[in-house]
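Novice:
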Amino acid sequence: MRTGTNTGATRGSTGELRRRVYRRRRLIAGSVLVLAVAAITVLAVVLTRPAENPPAPTVTLPAPAAVPWRDIGVSSEGRAVKVAVFGEGPQALLVIGGIHGDEYGGVVARAFAKALADDEFRVPSGWAVHVIGSLNPDGEHLGTRANARGVDVNRNLPTDNWSAVLDPEDRSAQEGLTPGSGPASEPEARALVDYLARGFDAVVALHSAGGIIDYDGDVSLETAQAMAELSGFPVEHLSYQGSITGSLGQYVSEKYGVPMITVELEGPELTSEIAAGLLAACR
Ligand SMILES: [Zn+2]
Numbered sequence: 604m605r606t607g608t609n610t611g612a613t614r615g616s617t618g619e620l621r622r623r624v625y626r627r628r629r630l631i632a633g634s635v636l637v638l639a640v641a642a643i644t645v646l647a648v649v650l651t652r653p654a655e656n657p658p659a660p661t662v663t664l665p666a667p668a669a670v671p672w673r674d675i676g677v678s679s680e681g682r683a684v685k686v687a688v689f690g691e692g693p694q695a696l697l698v699i700g701g702i703h704g705d706e707y708g709g710v711v712a713r714a715f716a717k718a719l720a721d722d723e724f725r726v727p728s729g730w731a732v733h734v735i736g737s738l739n740p741d742g743e744h745l746g747t748r749a750n751a752r753g754v755d756v757n758r759n760l761p762t763d764n765w766s767a768v769l770d771p772e773d774r775s776a777q778e779g780l781t782p783g784s785g786p787a788s789e790p791e792a793r794a795l796v797d798y799l800a801r802g803f804d805a806v807v808a809l810h811s812a813g814g815i816i817d818y819d820g821d822v823s824l825e826t827a828q829a830m831a832e833l834s835g836f837p838v839e840h841l842s843y844q845g846s847i848t849g850s851l852g853q854y855v856s857e858k859y860g861v862p863m864i865t866v867e868l869e870g871p872e873l874t875s876e877i878a879a880g881l882l883a884a885c886r
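The numbering of the sequence shown is the working numbering, which starts it at 604 and goes up by one.
(1) Between the stretch 824-837 and the stretch 720-736, do at least 3 Cβ pairs fall closer than 8 Å?
(2) Should A878 go down as buried or exposed, given a rule of 16 or more other Cβ atoms within 10 Å for buried?
(3) Keeping to the same chain, check which residues put their C-beta closer than 7 Å to that of V649; ignore five residues upstream and five downstream.
(4) If you scan the stretch 733-757 from start to end, which runs of the beta strand (DSSP E) of 3 or more residues do you find wholly inside it?
(5) Where does G880 fall in DSSP's three states?
(6) Does the beta-carbon of H703, which I'm using as the reference point, lie nearer than 8 Å to any heavy atom of ligand 1?
(7) Using DSSP with H/G/I as helix, E/B as strand and the rest coil, what is V838?
(8) What is the rounded straight-line gap between the Cα of G880 and the Cα of S679?
(9) Measure the C-alpha to C-alpha separation of D755 and P786 and round it to an integer number of angstroms.
(10) Once you ignore the five residues that flank D770 on each side, which residues in its own chain have a CB closer than 8 Å to its CB?
(11) So, under 8 Å CB-CB, V670 and A687 are touching, yes? Tell me the CB distance rounded to an integer number of Å.
(12) Is it true that the CB of A883 sits closer than 9 Å to the CB of L833?
(13) Which word fits D821, buried or exposed, when buried means at least 16 other C-beta atoms lie within 10 angstroms of its C-beta?
(14) Would you please state the rounded distance, in angstroms, between the beta carbons of A695 and A720? I believe it to be under 8 Å.
(15) For ligand 1, is there any heavy atom lying closer than 8 Å to the beta carbon of N757?
(16) Going by DSSP, what residue range makes up the alpha helix (DSSP H) through Y707?
(17) Between N759 and F689, what straight-line distance do the alpha-carbon atoms span, to the nearest angstrom?
(18) Tell me which residue opens and which closes the alpha helix (DSSP H) that R801 is part of.
(19) Tell me V866's beta-bridge partners as DSSP assigns them.
(20) Quick check: does the Cβ of R748 come within less than 8 Å of any heavy atom belonging to ligand 1?
(21) Thinking C-beta only, is Y798 closer than 9 Å to I864?
(22) Which residues in the same chain have their Cβ closer than 7 Å to the Cβ of R886, if we skip the five residues on either side of it in sequence?
(23) What is the C-beta distance between P871 and Y707, in whole angstroms, given that I count them as a contact (C-beta under 8 Å)?
(24) Any heavy atom of ligand 3 within a distance shorter than 8 Å of the CB on H810?
(25) Just to confirm my understanding: we take L780, look at its own chain, exclude 5 residues before and 5 after, and list those with CB closer than 8 Å. What are they?
(26) Got a sec: does ligand 1 put a non-hydrogen atom nearer than 8 Å to the Cβ of E825?
(27) Check whether the Cβ atoms of L738 and A794 lie closer than 9 Å to each other.
(28) Can you tell me whether DSSP reads F724 as helix, strand or coil?
Okay, structure coming up:
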């Protein structure tokens with residue numbers, strides 16, 4: 604009985620052990636299956652996931668266009684007076700910057716030329732826009748209104764009213780500048796006179812810093828109004844205009860009779876409004 608019981612107990616223990624082993628094997632097999640599925644899933648996710656930092660596509664930006672400057676004269680200190688031309692005629696606009704070296708006209712004229720070179724603004728069809736970056740490069744270098752010889756180039760043009768003595772009301776006289784030793788005595792003025800002889804349908808001079816658009820002669824009024832509309836500067840006559848002699852405004856009016864506009868800028872920035880206003884002179 605005891606033995607039998609023992610034998611039965613032994614048999615019972617052996618069966619229980621087998622079941623435990625069997626359950627453990629199933630458990631292990633199940634675990635291995637779960638791990639395998641998990642590993643395959645992770646592998647699949649890793650293989651199908653896009654790279655976190657895909658290589659950027661190669662983009663070739665166009666190189667900034669160079670402004671096609673060419674020399675049209677040279678100052679008394681040997682600095683070049685340069686012009687750049689954009690678009691094709693038959694009509695032509697001349698924009699002149701930097702007659703007075705201590706103003707913003709040169710900076711804005713050169714920015715305008717750069718913007719045209721970069722195709723930021725379109726020259727109207729049928730027009731060529733000529734831009735003189737700095738008519739008075741010595742004055743810009745020195746930071747003076749006059750050129751290196753103390754002459755206000757904008758009193759040195761060969762007008763009918765050119766005078767060796769400036770009007771006391773003229774700011775240039777008050778600042779001790781001279782109109783030169785004779786009409787177009789200065790190399791900068793001669794370069795401009797020669798270039799104007801090519802023939803232009805409108806001329807715009809850039810000065811500062813009044814924030815207005817001034818004009819010479821009735822023929823210029825509609826152009827001034829068109830430019831004012833886009834630039835945001837009002838049309839206004841400068842109060843001292845009657846006292847000045849040998850100016851570009853006077854010269855272009857009496858010699859060529861085409862629209863002659865003086866833009867008094869407010870600052871050194873070329874805004875899109877100012878650029879549009881300048882191009883409005885093509886009309
Ligand atoms: Zn000026």
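Don't be surprised by glycine CBs; every beta carbon is placed ideally from N, CA and C.
Specialist: Checking against the coordinates, here is how it stands:
(1) The stretch 824-837 vs the stretch 720-736: no contact.
(2) buried
(3) At V649, the pLDDT of 48 sits below 50, so the modelled position is not reliable; the number obtained from the coordinates is stated separately. Taken in chain order, the list of residues that qualify is empty.
(4) none
(5) Under the three-state reduction of DSSP output, G880 falls in the helix class.
(6) yes
(7) The three-state reading of DSSP puts V838 in strand, counting E and B together.
(8) 33 Å
(9) About 12 Å.
(10) A776, S846, I847, T848
(11) 5 Å
(12) Yes.
(13) exposed
(14) A695 to A720, Cβ: 18 Å. No contact.
(15) yes
(16) Here Y707 belongs to no alpha helix (DSSP H), and DSSP marks it neither H nor E.
(17) 28 Å
(18) No alpha helix (DSSP H) contains R801, which DSSP labels as neither H nor E.
(19) DSSP, once it has assigned bridges, lists L809, I816 as partnering V866.
(20) yes
(21) no
(22) T826, A829
(23) 4 Å
(24) For the structure depicted, ligand 3 is absent and the ligand set comprises only ligand 1.
(25) Here the set comprises R748, A749, G753, V754, D755, R758, L769.
(26) no
(27) yes
(28) In the displayed model, F724 falls within coil according to three-state DSSP, outside both helix and strand.
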